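This report concerns only the one structure given below.
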Amino acid sequence: MRITALLTMVTISAAAIFGSLALKSWGAALKANDEQAFTNHVRHKLNPFLWETHFSHKLEFNQITSQILKIDLNKVSESEIPRLLTVFQQLKYVRIHKLDITGDRSGQVFNISLVMTTN
Amino acid sequence: MANVYRLVSPEKLEIYEFKKNGKLRLSKSTSPSALNFKKIKHLILSAYYSNWDVIRIENTAYQPNERAFLFSSKIAFDVDNMLTSAPFCNNISGYWAQAWCQKILLTTKLASISNQTKVYAEGVSVLSKEGGIYWRSGPVILSNAEHTGFTERYSEAEIKGPILENIDGFEFLQRAPLIGFGEKKLRVLIAASLGMIASLLFAWELSVKEAALMYFNPPAYFQNQLTGFDILNITQNLVRDGSVDKITFDQRTQQTILAFKSDDTAKTFFELVLGLPEALANWSPTLNGSAVTFNRKTGL
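Structure below.
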């Protein structure tokens, strides 16, 4: 009886450790494959560098409240706009509320302002 | 009253009824291998398995620790390899006695014995009803030692009288049980339980908590399709290059606003848009100065 209890406990311990390691590894792989995972992370979503990398463009990052973010992309060339619009529409962990595209009078470039809320 | 078991040798185990008057009554003799040791509550180890010694300590205030071993200087074995009783004082004689046994002799028995079992050394816990009686206990002969209140060992050659082969009718005194039976197993179980709790906590903190949170609170997914995007596709040929100052997609109000550089350009655009009723069936355009606002019709 005691041996059985001991073996059961050892088995449960080993299963818990290996199972959690496997789960961690699986979760990490899942996140690594999700390019937008940072937008759902409590700290990473406030990292401007990650947003710049995702949009492939320099930006100004403003945190209006804990959940409302405003991102300004300046001097966006005309050819970049279709790509960026596609990227915006593919955002899945944030909700876009307002998108302004303003022509810059100084040249053939645009300024884009994006207001969104996060989870 | 519960039975008392006397482990005489690897081949012999005696079962006694323990009477209310403190006397043992032999019930039967059997082989140790035929018995389930887990059910035993009181076990007496003969001198085959156990040893003991006595010492007189004059200091009446002497009160040794339960784990103290009074005879460590007299034995060659490592104390860690033995089970000992607590030192026991016979208040009448003033003698202290302590029993011990080698773990190695009881390896198989220890594995199957219950934590509740009390194990006694015969030399300390069994006395004959009167002096001058000799009985066999494993390889030695025992007899009461009146001056100590415990027993003394004899060799067979010293004894002229009869030697009893069992302890039927003897007095069983439940004193100085051996300490440590089952403790190691209990420690192993406790360690295994703690290890299991620690590994479950580790698993919880490492990944299970996050997975559980994800399962019960999955992240919200949003469809960010820009509702006014089709307006741009339809009207792009109606807008002259450089005439639009700003385009706003307001997802909350379902509005798309095109702000022109002049009122005239906006008016011209608005009039052209009104000529496309089918293409913009889902939208109702309004002119407001230099801005043309497309409101998405409700119910769509």
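Which chain is which? The protein sequence lines are A and B, in order.
Whatever position you read off the first sequence (first residue = 1), add 1322 for the numbering used here.
Whatever position you read off the second sequence (first residue = 1), add 552 for the numbering used here.
We put the CB at the ideal spot given by N, CA and C, even for glycine.
All of these numbers come straight from a predicted model, not from anything done at the bench.
Coil, strand or helix - residue i by DSSP
i       : result
B/N789  : helix
B/D802  : strand
B/A750  : helix
B/P771  : coil
B/V678  : strand
B/E563  : coil
B/V844  : strand
B/R619  : coil
B/L839  : strand
A/N1362 : helix
B/S664  : helix
B/A763  : helix
B/H699  : coil
B/E610  : coil
A/L1413 : coil
A/G1425 : strand
B/L832  : coil
Other residues of its chain near residue i: CB distance less than 8 angstroms, five sequence neighbours each side excluded
i      : result
B/T779 : F801, Q803, Q806, T808 and R848
B/S842 : D797, A811, F812, K813, S814, D815, T817 and A818
is_contact[residue i, chain A] using C-beta, thresh 7 angstroms
i      : result
B/T800 : yes
B/Y773 : yes
B/D797 : yes
B/S759 : yes
B/W634 : Just to set this straight, residue 634 of chain B is Met in the shown sequence, not Trp. Closer than 7 angstroms: no.
B/L597 : no
B/N776 : yes
Cα-Cα separation, residue i to residue j
i       : j       : result
A/N1396 : A/F1432 : 7 angstroms
B/N840  : B/V825  : 14 angstroms
B/N611  : B/F621  : 17 angstroms
B/G683  : B/Y647  : 18 angstroms
B/Q668  : B/V760  : 39 angstroms
B/S581  : B/I567  : 6 angstroms
B/T850  : B/L765  : 37 angstroms
A/I1339 : A/T1333 : 10 angstroms
A/T1439 : A/E1402 : 24 angstroms
B/P584  : B/K564  : 6 angstroms
B/A834  : B/F822  : A quick correction: the sequence has Asn, not Ala, at residue 834 of chain B. Cα to Cα, the separation comes out at about 16 angstroms.
B/H699  : B/C641  : 13 angstroms
A/L1413 : B/A772  : 12 angstroms
B/S598  : B/N617  : 26 angstroms
Selected residue, minimal CA-CA separation from residue i, among the options
i       : options                               : result
B/S814  : B/T636, B/L746, B/K798 and B/L828     : B/K798
B/S836  : B/L725, B/I783 and B/C641             : B/I783
B/L559  : B/N643, B/L790, B/G747 and B/L657     : B/L657
B/I786  : B/L741, B/A744 and B/F846             : B/F846
A/M1331 : B/A833, B/A744 and B/E830             : B/A744
A/H1419 : A/I1393, A/H1376, A/H1366 and A/W1373 : A/I1393
A/T1326 : B/C653, B/L741, B/R792 and B/F774     : B/L741
B/L790  : B/T820, B/A763, B/N776 and B/F781     : B/T820
B/W544  : B/N696, B/N633 and B/F768             : This structure leaves residue 544 of chain B out entirely; chain B is present only between 553 and 852.
7 angstroms Cβ cutoff, residue i in contact with chain B
i       : result
A/A1338 : yes
A/H1379 : no
A/R1365 : no
A/R1417 : yes
A/I1389 : In the sequence as presented, Ile is not what sits at residue 1389 of chain A; that position holds Gln. Answer no: the Cβ-Cβ gap between A/Q1389 and chain B never drops below 7 angstroms.
A/T1424 : yes
A/N1362 : yes
Own chain residues within Cβ distance below 7 angstroms of residue i, not counting five before or after
i       : result
A/A1359 : K1353
B/I711  : Y686 and I693
Residues near residue i by beta carbon distance below 6 angstroms, same chain, minus five either side
i       : result
B/I596  : R558, Y672 and E674
B/L716  : W687
A/T1361 : K1367, Y1415 and V1416
B/V606  : Y647, A649, T700 and F702
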